[in-house]
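*Asks:* Dropping a structure here in structure tokens format, bear with me for questions.
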Amino acid sequence: AFIPQMQYGDMNAYLPDDILTKVDRASMGVGLEARVPLLDHRVVEFAWSLPMDYKLRDGQGKWILRQILYKYVPKDVMERPKAGFGIPLQSWLSGPLRDWAEALLAPESLARDAILNPAAVRAAWDGFISNGSESPYLIWNLLMYQAWKARWHP
Numbered sequence: 007a008f009i010p011q012m013q014y015g016d017m018n019a020y021l022p023d024d025i026l027t028k029v030d031r032a033s034m035g036v037g038l039e040a041r042v043p044l045l046d047h048r049v050v051e052f053a054w055s056l057p058m059d060y061k062l063r064d065g066q067g068k069w070i071l072r073q074i075l076y077k078y079v080p081k082d083v084m085e086r087p088k089a090g091f092g093i094p095l096q097s098w099l100s101g102p103l104r105d106w107a108e109a110l111l112a113p114e115s116l117a118r119d120a121i122l123n124p125a126a127v128r129a130a131w132d133g134f135i136s137n138g139s140e141s142p143y144l145i146w147n148l149l150m151y152q153a154w155k156a157r158w159h160p
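For the sequence shown, our numbering assigns the number 7 to the initial residue and increments by one for each residue that follows.
Written out as structure tokens, the structure is:
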């Protein structure tokens, strides 16, 4: 079945090669040793033994765990949106990375190919810097494209 295969892939690739690596680097970078109690082998073995309906119901994952937690955790905390490993793009791009970004989004840099509209990109950057009207993720994507292009297609 598809879902157990995806869970297996998450457990054997995504967790060790991505999430756990990020947690380890972030915590060790500040001298902390993080623990992941839900990955104790006994918990994992128990979770694998549960019927799929306990794990996923009505499109909601970790269903049985959520039902237990509702008894102990306030509903507004349980139902708030998920927050991942965010990075402070706004402050980085308007602070220490601003000169780098300005160079990549300079009109002469943008004019080297016909893929991006230099005026639109510049307007997005100016809006971002002046009043935060553009998403930092849009700006980051533009910067990553420009950095890739500068490195591989100068």
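The C-beta atom is built at its ideal place from N, Cα and C for all residues, glycine as well. Computed from a predicted structure; not experimentally measured.
In angstroms, rounded to a whole number, what distance separates the CA positions of Gly35 and Lys28?
*Replies:* Looking at the two C-alpha atoms, the distance is approximately 10 Å.
*Asks:* Tell whether a beta-carbon distance below 8 Å holds between Leu99 and Tyr143.
*Replies:* Their beta carbons are not under 8 Å apart, which means Leu99 does not touch Tyr143 by this criterion.
*Asks:* Quick test of your reading: Ala107 and Leu149, contact by CB under 8 Å. State the CB separation rounded to the nearest angstrom.
*Replies:* The Cβ separation is near 6 Å, so the contact holds.
*Asks:* What's the C-alpha gap between Ala153 and Ser139?
*Replies:* So the alpha carbons of these two residues sit roughly 23 Å apart.
*Asks:* Can you check whether the CB of Trp54 is closer than 8 Å to the CB of Leu62?
*Replies:* Taking 8 Å as the Cβ cut-off, Leu62 and Trp54 do not qualify as a contacting pair.
*Asks:* Is the beta carbon of Met84 closer than 8 Å to that of Leu75?
*Replies:* In contact: Leu75 and Met84 (Cβ atoms closer than 8 Å).
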